[in-house]
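In our numbering, the protein residues as written are 18 to 491.
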């Protein structure tokens, strides 16, 4: 039987090329966010779909020549999102015929107020809405114009700043702005009752959070069919303990049905909403706890304990007890406010910390001695091994060993660290790591030599040309 070995070879070559392109794509993404990327290489990255990554960097400050390359490549919308653009370029973008470009520019946080005012009066509603959402402090005349705009989405976007009082009535009557204006109101009984019975659950949730809500309406909203409304009542400072407990019990029941459903009880959408609201209770700020946190340091509710641990007014003894809390985030917050924490206690908390449960780790709030950091470099736990990189005088041999660690998490941390004691050869080896995220982190390293950056782009350009030739031939 004949076999088409040529076709098989072509298929294999195509598969290899695809795999190489996928790998190179990760490297190009890393280069695009590298703060040390030269402008000539940044311009070459535009041909590889990296405009959005280039402009995402906070330090992105393109020259007029690089801006021209963006515009020539049809990347005006991505350029408009970039910070620190030359004034002449932002003026040109504000006149771009594509409303998507003008809308992207309107959302630029560093845009000059004069241009923002021009975009707030743009003929396209989408541009006006983007300007309304981004404009932190518009003059009253401009705010009035946006709040009375013919387009509902513009009015809604503008109603996040305190409106002029004489517009309150119109904004309450407008479905697009009703829920947004609620926090700004001086709430009278009649208005509160009307809003508490509004068919829109978001409006009821906003009024449930209003500090001037009458107690009888608070108690009514505690029985609201929407879980988010009930959660808003839970979070109030004036909610009685029994009422707070009842709300918590109901949300917890829905959460448990979602997390561990019985064989004959699959739950429903209401349970899903209860679960979301219940988890939100843990993340809520509870700002009223800050001034008097001690009564909540032993609260049965995790969110309130977190708020207490976050408070600078928490007595040291109570903070010390909270270091043993069952919740990892409470422990972390308690440690973050501890003056001169014990490294041994911090290490114990670090070993027990639940990864991914919060935005930090115990090691962020303690200065471990160099000897401890180097000991971590040989720890069985990869999450502790990466802490060795916090030693500015880390021996090069240990840095090199961590760069060759069997755990990809450790290698990625080394690649991203920019540690000055990491040998150049080790960083280049990480650039060729089999794990894509490790290689991408190495490409983003500020220590990566320009020659290595250029070599990555040369490979990508060559592969792109080869695929173009192959496509033309077929």
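Note that the Cβ used here is the ideal one computed from N, Cα and C, for glycine as well.
Given the structure is predicted, the values throughout are model-derived calculations rather than measurements.
Straight-line Cα distance separating residue j from residue i
i, j, result
"residue 119", "residue 273", "47 Å"
"residue 66", "residue 321", "46 Å"
"residue 295", "residue 445", "47 Å"
"residue 373", "residue 400", "12 Å"
"residue 403", "residue 458", "15 Å"
"residue 187", "residue 250", "27 Å"
"residue 305", "residue 313", "11 Å"
"residue 280", "residue 293", "Since pLDDT at residue 280 reaches only 45, below the 50 mark, its modelled position is unreliable, and no value is offered."
"residue 479", "residue 336", "60 Å"
"residue 96", "residue 69", "8 Å"
"residue 221", "residue 215", "6 Å"
"residue 230", "residue 436", "55 Å"
"residue 18", "residue 394", "Because residue 18 carries a pLDDT of 44, less than 50, the predicted location of this residue cannot be relied on, and the following value inherits that uncertainty. Answer to the nearest angstrom: the Cα atoms are 59 Å apart."
"residue 246", "residue 209", "14 Å"
"residue 62", "residue 138", "35 Å"
"residue 46", "residue 338", "45 Å"
"residue 331", "residue 315", "12 Å"
"residue 64", "residue 449", "22 Å"
"residue 177", "residue 211", "21 Å"
"residue 168", "residue 149", "12 Å"
"residue 235", "residue 256", "8 Å"
"residue 244", "residue 226", "14 Å"
"residue 475", "residue 421", "26 Å"
Opening and closing residue of the alpha helix (DSSP H) in which residue i lies
i, result
"residue 222", "218-225"
"residue 359", "From DSSP, residue 359 is part of no alpha helix (DSSP H); its letter is neither H nor E."
"residue 72", "68-73"
"residue 353", "345-353"
"residue 52", "Careful: residue 52 lies outside any alpha helix (DSSP H) and carries neither H nor E."
"residue 387", "387-393"
"residue 326", "319-327"
"residue 158", "157-164"
"residue 399", "399-402"
"residue 426", "425-434"
"residue 454", "453-460"
"residue 236", "232-238"
"residue 246", "244-251"
"residue 444", "441-448"
"residue 193", "Counting along the chain, residue 193 falls outside any alpha helix (DSSP H), and DSSP gives it neither H nor E."
"residue 57", "56-62"
"residue 336", "333-339"
"residue 415", "413-420"
For residue i, three-class secondary structure by DSSP
i, result
"residue 176", "coil"
"residue 303", "coil"
"residue 263", "helix"
"residue 100", "coil"
"residue 280", "Per-residue confidence for residue 280 stands at a pLDDT of 45, beneath the threshold of 50, marking its modelled position as unreliable; the derived number appears in the next sentence. Coil, per DSSP."
"residue 383", "coil"
"residue 77", "coil"
"residue 480", "helix"
"residue 151", "helix"
"residue 95", "helix"
"residue 212", "helix"
"residue 130", "helix"
"residue 124", "coil"
"residue 141", "coil"
"residue 181", "coil"
"residue 107", "helix"
"residue 206", "helix"
Pair within 8 Å by beta-carbon distance, residue i and residue j
i, j, result
"residue 503", "residue 49", "Because residue 503 is not part of the residues shown, which for the chain are 18 to 491, the question remains open."
"residue 287", "residue 271", "yes"
"residue 464", "residue 431", "no"
"residue 366", "residue 391", "no"
"residue 223", "residue 192", "no"
"residue 59", "residue 88", "no"
"residue 113", "residue 134", "no"
"residue 124", "residue 456", "no"
"residue 462", "residue 443", "no"
"residue 171", "residue 195", "no"
"residue 260", "residue 239", "yes"
"residue 204", "residue 185", "no"
"residue 158", "residue 181", "no"
"residue 116", "residue 81", "no"
"residue 289", "residue 275", "yes"
"residue 77", "residue 91", "no"
"residue 151", "residue 163", "no"
Closer than 8 Å to chain D by CB, residue i
i, result
"residue 299", "This model lacks chain D altogether, as it is built from one protein chain only."
Segment contact flag, the segment 414-426 with the segment 366-385, C-beta cutoff 8 Å, min 3 pairs = no
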